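Visitor: One line per chain: the protein sequences are A and B, in this order. Per the numbering used here, the first sequence starts with residue 3, numbered consecutively. Per the numbering used here, the second sequence starts with residue 9, numbered consecutively. Virtual Cβ for every residue (Gly too), placed ideally from N, Cα, C. Because the structure is a prediction, the values reported are computed rather than measured. The structure's right below; bear with me while I get my questions together.
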Amino acid sequence: MEWIALANPSRFLALAERLLPWLAAATALAFAAGLYAAFFVAPEDYQQGATVRIIFIHVPGAWLGMLGWAIMSVAALGTLVWRHPLADVALKTAAPIGAAFTFVCLVTGALWGRPMWGTYWVWDARLTSVLVLFLMYLGLIALWRAIEDPARAARAAAVLTLVGAVNLPIIKFSVDWWSTLHQPASVFRVGGSTIHPAILAPLLVMALAFTLLFATLYVSAMRNEILRRRVRTLRLLQVHAAQGA
Amino acid sequence: MTRRQRRLFLIGTGVGVLAIAAALVLTALRDSIVFFNSPTDLVQKRVEPGTRIRLGGLVKTGSVIRGGNLGVRFAVTDGNKEIAVAYTGALPDLFREGQGVVAEGALDGAGLFRADTILAKHDENYMPKEVADALKRQGHWKDGYGAAAAGSAR
């Protein structure tokens, strides 16, 4: 029955092979443009000086960290409702990538906080909810490793993913619901962005670069996972054949 | 109802119940989740002297008095009430009059807030120096700029 399921992943593999070089090239181009704009074109902020440049890494990192979990939540529905094998792969492979971006967000945020706020870390609602997101990523990865049967692991991980999805709106609106040290939203807010276009433009280019990097890593991780599963299936078949003989 | 629809319905219900539970918990814990209290909160809650608490608001313009040995006194305001703060130590870069600030410490018997930690609060406005200067020159400077509106978090 696993052979039938491979039909769709095969099409994905073919697509991935064609897509990956383009994705990688686009990522490199976007990063070249984004980093140049971030370091040489973007003006210094009137209050933060050069420290403002940290947001060019911090903000895209935060967005992609949250996008990772959002993608996983969709994949979790694919696993639980449609029992689609590609959804299992999509769920499993997004976790380490999302965790990495969230980690980047936390570290750069701390480095920004020290000179600006006067502290690396406080337990306010925004910082804490993002840390919870990071810990849930780690928990999810651990869960995958704890259960040997991929189908059962996928089922358990999907449930945990949907539970964790409740955290996403909490992260987004934490700065509005509670008083926090973290500033309120600057880009996606009612009434438009409060970031001057000269700083916003490089930020959006960097966000594009981060998104392309995420896509590149994600597609290759999914491809690797599909191949890994095929190897596993072949091994199992071999063992069965050897036992039968 | 097909099996898929039933599963989708179950999951939807589960996530919905979970979201409601989370909302209830967070609402119940509201007082401990807020990072700081405004001067109005402090007055309304009648916080006892000696109780450690975080006070947040704007540094009142014209209220900063620097003493010797890094000592500083200023008033924190939310536009409604204000509380005098005393602090000794290095201040963060962003600390200035009209700027958002969070002070950690306790009230003394005389109603003076003795802070042992001062954190600057940054607002959501980002702009180049030249633009900020131009806005000030042309008189388009809004009071909100440069002031991590403690009000916005209220």
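Can you give me the Cβ contacts of THR69/B inside the same chain, cut-off strictly under 6 Å, excluding the 5 residues immediately before and after it?
Guide: Stepping through the second sequence from its first residue, residue 69/B is reached at position 61. These residues qualify, in order along the chain: GLU105, GLY106.
Visitor: Measure the C-alpha to C-alpha separation of VAL83/A and ARG231/A and round it to an integer number of angstroms.
Guide: Position 81 of the first sequence, counted from the first residue, corresponds to residue 83/A. Position 229 of the first sequence, counted from the first residue, corresponds to residue 231/A. Using only the alpha carbons, I get a separation of about 22 Å.
Visitor: Looking at C-beta atoms only, is the number of pairs between the stretch 73-87 of chain A and the stretch 104-120 of chain A that lie closer than 8 Å three or more?
Guide: no
Visitor: Below 8 Å CB to CB, which residues in the same chain sit around SER131/A once its five sequence neighbours on both sides are set aside?
Guide: By 1-based counting over the first sequence, the position of residue 131/A is 129. Excluding positions up to five away in sequence, the list reads ASN169, ILE172, ILE173, SER176.
Visitor: Judging by CA-CA distance, which residue of MET138/A, SER188/A, LEU183/A is the nearest neighbour of ALA167/A?
Guide: Along the first sequence, one-based indexing puts residue 167/A at 165. Checked all of MET138/A, SER188/A, LEU183/A; the closest Cα to ALA167/A is MET138/A.
Visitor: Name the residues in the stretch 104-134 of chain B whose C-beta lies less than 7 Å from a C-beta of chain A; which are they?
Guide: If the cut-off is 7 Å between Cβ atoms, the stretch 104-134 of chain B has VAL110, ILE126, LEU127, ALA128, LYS129, HIS130, ASP131, GLU132, ASN133, TYR134 near chain A.
Visitor: Identify, in the order they occur along the chain, each residue of the same chain with its Cβ nearer than 6 Å to the Cβ of LEU277/A, setting aside the five sequence neighbours on each side.
Guide: In this structure chain A extends from 3 to 247, so residue 277/A is not present and cannot be described.
Visitor: For VAL134/A, which residues from the same chain have a beta carbon less than 8 Å from its beta carbon, with the 5 sequence-adjacent residues on both sides left out?
Guide: Here residue 134/A corresponds to residue number 132 of the first sequence, with the count starting at 1. Around VAL134/A: ASN169.
Visitor: Let me check understanding here. Comparing Cα to Cα, which of LEU238/A, LEU229/A, ALA244/A, VAL221/A lies closest to ALA26/A?
Guide: Against the first sequence, residue 26/A aligns to sequence position 24. With distances taken between Cα atoms, ALA26/A lies closest to VAL221/A.
Visitor: Using DSSP with H/G/I as helix, E/B as strand and the rest coil, what is ASN45/B?
Guide: Sequence index remark: in the second sequence, residue 45/B carries index 37 (1-based). Three-state result, ASN45/B: strand.
Visitor: Mind checking MET68/A: buried by the 16 CB within 10 Å criterion, or exposed?
Guide: Counting from one through the first sequence, the residue named residue 68/A turns up at place 66. It counts as buried.
Visitor: For ASP90/A, decide whether its Cβ has a neighbour in chain B, counting only Cβ atoms nearer than 8 Å.
Guide: Residue numbering aside, residue 90/A sits at position 88 when the first sequence is read from its first letter. No, ASP90/A lies away from the interface with chain B (no Cβ there is under 8 Å from its Cβ).
Visitor: I'd like to know if PHE43/B contacts chain A, where contact means its C-beta is closer than 8 Å to some C-beta of that chain.
Guide: Start at 1 with the first residue of the second sequence, and residue 43/B comes out as number 35. Yes, its Cβ sits closer than 8 Å to a Cβ of chain A.
Visitor: So, is the C-beta of ASP151/A closer than 8 Å to a C-beta in chain B?
Guide: In the first sequence, residue 151/A corresponds to position 149, counting from 1. Judged by the 8 Å Cβ criterion, ASP151/A is not in contact with chain B.
Visitor: What are the start and end residues of the beta strand (DSSP E) that includes LEU115/B?
Guide: For this step, residue 115/B is matched to residue 107 along the second sequence. Segment 108-115, the beta strand (DSSP E) holding LEU115/B.
Visitor: What does TYR134/B pair with, by DSSP beta-bridge criteria?
Guide: Along the second sequence, read from residue 1 onward, the residue named residue 134/B stands at position 126. Paired residue(s): ILE197/A.
Visitor: Taking SER181/A as the reference, give the member of HIS86/A, ILE99/A, VAL124/A, GLU46/A with the closest Cα.
Guide: For the purposes of this step, residue 181/A is taken as residue 179 along the first sequence, with counting starting at 1. That would be VAL124/A, whose Cα lies nearest to the Cα of SER181/A.
Visitor: Does the beta carbon of TRP119/A come closer than 8 Å to any beta carbon on chain B?
Guide: Locating residue 119/A in the first sequence gives position 117, where the first residue counts as 1. Chain B contact via Cβ: present.
Visitor: Indicate the three-state DSSP secondary structure (helix, strand or coil) for GLU90/B in the structure shown.
Guide: Against the second sequence, residue 90/B aligns to sequence position 82. In this structure, GLU90/B counts as strand in the three-state DSSP scheme.
Visitor: Less than 8 Å separating the beta-carbons of PRO57/B and ASP124/B?
Guide: Translated into positions along the second sequence, residue 57/B becomes position 49. Translated into positions along the second sequence, residue 124/B becomes position 116. No, these two residues do not count as a Cβ contact at 8 Å.
Visitor: Given 8 Å as the limit, is there contact between the stretch 89-97 of chain B and the stretch 120-134 of chain B, that is, 3 or more CB pairs closer than that?
Guide: Three or more beta-carbon pairs separated by less than 8 Å link the stretch 89-97 of chain B to the stretch 120-134 of chain B, which places the two stretches in contact.
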